[in-house]
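Undergrad: Pasting a structure here, questions to come.
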Amino acid sequence: MQTTVQALLAAMPPGSTQHISLPVYNDAPLDLTLVRGARGGQTLVVSAGVHGCEYIGVEALRRLRSALDPAQLSGNVVLLPLANPEGFYAQAKQVVPADQVNLNRAFPGDAAGSAAYRRAYAIERYLFSAADFWLDLHSGDMHEMVMPYAYFPLAGAAPETPADQPRVTPETALKACSAVKALSVPYRLGSYARTGLYNWAALRGIPSLLLERSGRCLRPEEDIAIYMRQVGELMAHLGIAEPTGASAATPQQELTDAIYTEAQQPGFWYPYIKEGQTFAAGACLGRLEDLSGNCVQQVRAAFDGLVLYYTAVLGVAEGDGLVAYARLAH
Ligand SMILES: [Zn+2]
């Protein structure tokens, strides 16, 4: 696996597009679209389908494969519409089917590991050296609904991180934060997570963002158009494309202190909230019951906040996410 996307881009004529399939040992290949602009500039990599049933980003990138005009670009765009193709074709909830591992918990990858780790390794090995910026498109998975927001990497690392582990540099974090503010996304949320694709990219010095919206296998045209537009906004921010002028300035608020609640046992889940809904400290966000109707868990808000996403299905297993929420920064 000596080829890199950086080398492939350099070998392409300026102002051209190539669709290529890169082998991944023993697994489905990585299908990429390489768009080399007519003029030089930065390289933006956009991925989707890390979780196979999060369709809006996948569909937005599938359409952008033919919609981007290299003659208009100063710089390059690389599209990876299906980071986890086996998961997409098998409708696998949140995991790579062969090993049942969440690809967004498998970074850094391992060429000698199980399927998700091999795929993470291939993404890193082929693509990281080409990327000046990385955008990863998500949604709620088949059981969740998510409000529109962006994750951006925070500089440094969480306090419990061992001292010998890499940190996100202030320079990388600043570039990511400046980019998120240029997007028509209503909320942004900083994160110290380390094992996701965009997290590991940031830890390797690539400014990165992750976008969220919708869920439950929905794919409304409006949401697909918004993701396509936001890729354009990021291209404009990086100087790769001209601003379209179509995006009115969207007020953006920062969120902090995200809390991700989980089911303490299997049960019937009754949420009282929807994605994006605000609530006061102490509010009951939902309850878990057993088959007999006994309440076995109540989720109460630790502070005034709003719902990032919630699980919309009735049956949940121990450890499943129930509701995630955060605080509005002032
Ligand atoms: Zn996802």
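Just remember that this note's numbering sits 144 ahead of the position in the sequence shown, which is counted from 1.
Note that CB positions come from ideal geometry on N, CA and C, so glycine has one too.
1) Taking 6 Å as the line, does the beta carbon of Leu419 fall inside it for any heavy atom of ligand 1?
2) So is Leu318 buried or exposed if we call it buried at 16+ other beta carbons inside 10 Å?
3) Can you name, in chain order, every residue of its own chain whose Cβ lies under 7 Å from the Cβ of Glu406, other than the five neighbours on each side?
4) From the DSSP output, read off the bridge partner residues of Phe296.
5) If we ignore side chains and look at the alpha-carbon of each, how far apart do Ala260 and Ala323 end up?
6) Thinking just about the alpha-carbon of each residue, which of Leu152, Arg183, Ala172 and Leu174 is nearest to the one in Glu386?
7) Go ahead and pull the three-state DSSP assignment for Val324.
8) List, from N- to C-terminal side, the beta strand (DSSP E) runs of 3 residues or more that fit wholly inside the region 396-459.
9) CA-CA distance, Glu268 and Val179?
10) Measuring from the CB of His287, is there a heavy atom of ligand 1 at a distance below 6 Å?
11) Give me the Cα-Cα distance between Ala456 and Arg209, rounded to the nearest whole angstrom.
12) Please look up how many angstroms separate the CB atoms of Gly284 and Arg360, rounded, as I've assumed it's under 8 Å.
13) Quick check: what's the CA-CA separation for Leu224 versus Glu398?
14) Using 8 Å as the threshold, is the region 232-246 in touch with the region 147-165, meaning 3 or more CB pairs across them?
15) Can you tell me the Cβ-Cβ gap for Ser191 and Val290, rounded? I've got them flagged as a contact below 8 Å.
16) Determine the burial state of Thr187: buried for a count of at least 16 other Cβ atoms within 10 Å of its Cβ, exposed for fewer.
17) Which residue wins for smallest C-alpha separation from Val329, given the options Ala402, Ile370, Ala445 and Leu166?
18) Just to confirm my understanding: we take Ala234, look at its own chain, exclude 5 residues before and 5 after, and list those with CB closer than 6 Å. What are they?
19) Can you check DSSP and say which residues form a bridge with Met289?
TA: Looking at the atomic coordinates:
1) Before going further, note that residue 419 is Glu rather than Leu in the sequence given. No, ligand 1 has no heavy atom inside 6 Å of this Cβ.
2) exposed
3) Excluding sequence neighbours, Glu406 sits near Gly463, Asp464, Gly465 and Leu466.
4) Gly334
5) 29 Å
6) It is Arg183 whose Cα lies nearest to the Cα of Glu386.
7) helix
8) 397-406, 411-415, 428-433, 439-444 and 449-455
9) 19 Å
10) Checking the Cβ of His287 against ligand 1 gives no.
11) 32 Å
12) 6 Å
13) 28 Å
14) Too few Cβ pairs lie closer than 8 Å, so no.
15) With a Cβ gap of about 17 Å, Ser191 and Val290 do not count as contacting.
16) buried
17) Per the Cα distances, Ile370.
18) Pro241
19) Gly359 and Tyr454
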